[in-house]
Amino acid sequence: MSRFTVRTALTAVAATAFVLVGLTGCTSTSYSCSNGSCTVTLKGAGASTDLDNLGGSGETTVALDGVDEGTATFSIDNEEATCTAGESMSVADLQVTCTEVGEDELTMEMTG
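For the sequence shown, the residue numbers in mature numbering (1 follows the signal peptide of the UniProt record, and there is no 0) are -17 to -1, 1 to 95.
Structure representation (C-alpha coordinates):
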(Lines of atoms letter the chains of each structure in order from A and count residues from 1; the text may use other names and numbers.)
(Lines give C-alpha, C1' and ligand atoms only; values in the text may rest on other atoms or scores of the structure.)
Protein backbone atom coordinates (compact mmCIF):
# COMPACT_ATOMS: atom_id res chain seq x y z
CA MET A 1 0.00 0.00 0.00
CA SER A 2 1.39 3.41 -0.90
CA ARG A 3 1.73 6.30 1.53
CA PHE A 4 -0.99 8.16 -0.36
CA THR A 5 -3.47 5.28 0.07
CA VAL A 6 -2.70 4.94 3.79
CA ARG A 7 -2.99 8.71 4.33
CA THR A 8 -6.31 8.80 2.44
CA ALA A 9 -7.66 5.87 4.46
CA LEU A 10 -6.63 7.46 7.77
CA THR A 11 -8.17 10.78 6.75
CA ALA A 12 -11.44 9.02 5.88
CA VAL A 13 -11.49 7.21 9.25
CA ALA A 14 -10.81 10.45 11.15
CA ALA A 15 -13.53 12.31 9.21
CA THR A 16 -16.05 9.55 9.89
CA ALA A 17 -15.24 9.56 13.61
CA PHE A 18 -15.64 13.35 13.74
CA VAL A 19 -19.06 13.18 12.07
CA LEU A 20 -20.27 10.40 14.38
CA VAL A 21 -19.16 12.30 17.48
CA GLY A 22 -20.98 15.39 16.21
CA LEU A 23 -24.18 13.42 15.67
CA THR A 24 -24.33 12.00 19.18
CA GLY A 25 -24.75 15.43 20.77
CA CYS A 26 -25.18 16.09 24.45
CA THR A 27 -28.34 15.87 26.47
CA SER A 28 -29.16 16.83 30.03
CA THR A 29 -32.21 17.07 32.20
CA SER A 30 -33.13 18.75 35.44
CA TYR A 31 -36.35 18.98 37.37
CA SER A 32 -37.85 19.99 40.69
CA CYS A 33 -41.23 18.97 42.03
CA SER A 34 -43.39 20.00 44.96
CA ASN A 35 -47.09 19.95 45.81
CA GLY A 36 -48.09 18.05 42.65
CA SER A 37 -46.26 20.37 40.25
CA CYS A 38 -42.93 19.92 38.45
CA THR A 39 -40.63 22.23 36.53
CA VAL A 40 -38.62 20.27 33.96
CA THR A 41 -35.75 21.42 31.72
CA LEU A 42 -34.68 19.19 28.83
CA LYS A 43 -31.55 20.06 26.82
CA GLY A 44 -30.72 18.35 23.54
CA ALA A 45 -32.82 16.22 21.22
CA GLY A 46 -33.41 12.88 22.88
CA ALA A 47 -33.17 14.20 26.45
CA SER A 48 -35.66 12.45 28.72
CA THR A 49 -36.44 11.96 32.37
CA ASP A 50 -38.85 9.97 34.51
CA LEU A 51 -40.91 11.69 37.20
CA ASP A 52 -42.49 9.73 40.04
CA ASN A 53 -46.10 10.26 41.11
CA LEU A 54 -46.87 13.40 39.12
CA GLY A 55 -50.64 13.50 39.07
CA GLY A 56 -50.78 10.30 41.12
CA SER A 57 -50.26 8.13 38.04
CA GLY A 58 -46.97 6.45 38.91
CA GLU A 59 -43.98 7.15 36.68
CA THR A 60 -44.28 9.83 33.97
CA THR A 61 -41.74 9.92 31.12
CA VAL A 62 -40.98 13.32 29.59
CA ALA A 63 -38.79 13.58 26.45
CA LEU A 64 -37.60 16.31 24.09
CA ASP A 65 -37.67 15.32 20.43
CA GLY A 66 -36.21 18.63 19.23
CA VAL A 67 -36.60 22.38 18.77
CA ASP A 68 -37.08 24.08 15.41
CA GLU A 69 -37.43 27.85 15.01
CA GLY A 70 -38.85 28.42 18.49
CA THR A 71 -41.20 25.42 18.47
CA ALA A 72 -40.41 22.47 20.72
CA THR A 73 -41.58 18.95 19.96
CA PHE A 74 -41.80 16.78 23.05
CA SER A 75 -43.67 13.83 24.48
CA ILE A 76 -45.16 12.89 27.81
CA ASP A 77 -45.76 9.16 28.23
CA ASN A 78 -45.41 8.75 24.44
CA GLU A 79 -48.10 11.37 23.69
CA GLU A 80 -46.41 13.85 21.33
CA ALA A 81 -47.04 17.60 21.44
CA THR A 82 -45.53 20.86 20.22
CA CYS A 83 -45.35 24.25 21.91
CA THR A 84 -43.85 27.70 21.85
CA ALA A 85 -42.80 29.76 24.88
CA GLY A 86 -45.78 30.74 27.02
CA GLU A 87 -48.15 28.19 25.48
CA SER A 88 -50.30 26.00 27.76
CA MET A 89 -52.02 22.73 26.92
CA SER A 90 -53.14 19.36 28.23
CA VAL A 91 -50.88 16.40 27.41
CA ALA A 92 -51.28 12.87 28.81
CA ASP A 93 -53.81 14.13 31.40
CA LEU A 94 -51.36 16.77 32.68
CA GLN A 95 -51.56 20.56 32.41
CA VAL A 96 -48.37 21.75 30.72
CA THR A 97 -47.00 25.26 30.24
CA CYS A 98 -43.91 25.70 28.10
CA THR A 99 -42.18 28.51 29.96
CA GLU A 100 -39.01 28.71 27.83
CA VAL A 101 -38.10 27.37 24.39
CA GLY A 102 -34.47 27.98 23.52
CA GLU A 103 -32.03 26.61 21.01
CA ASP A 104 -32.35 22.84 21.57
CA GLU A 105 -33.81 23.39 25.06
CA LEU A 106 -37.27 23.29 26.66
CA THR A 107 -38.40 24.29 30.14
CA MET A 108 -41.95 23.44 31.16
CA GLU A 109 -44.18 23.42 34.20
CA MET A 110 -46.49 20.44 34.66
CA THR A 111 -49.28 19.73 37.10
CA GLY A 112 -51.40 16.63 37.54
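All C-beta atoms, glycine included, are put in the ideal place defined by N, C-alpha and C.
Item: Check: SER71 C-beta below 8 Å from any heavy atom of the ligand FMN; Value: What this structure holds is no ligand at all, so the ligand FMN is not there to describe.
Item: Best match in GLU63, CYS21, THR54, THR43 for proximity to GLY69 [C-alpha to C-alpha]; Value: THR54
Item: DSSP-derived helix/strand/coil call for VAL84; Value: strand
Item: Any chain B beta carbon closer than 9 Å to GLY8; Value: Although the question refers to chain B, the structure presented lacks it and comprises just one protein chain.
Item: C-alpha gap between THR10 and SER71, whole angstroms; Value: 24 Å
Item: Beta bridge counterpart(s) of ASP51 as assigned by DSSP; Value: THR54
Item: For GLY19 and ALA30, the rounded distance between their alpha carbons; Value: 22 Å
Item: Within 9 Å, strictly: CB atoms of THR83 and THR94; Value: Reading off the sequence shown, one finds Glu at residue 83, where the question assumed Thr. Cβ atoms of GLU83 and THR94: not closer than 9 Å.
Item: C-alpha distance - GLU63 paired with PHE57, whole-angstrom precision; Value: 6 Å
Item: Contact check, THR67 vs ALA46, beta carbons under 9 Å; Value: no
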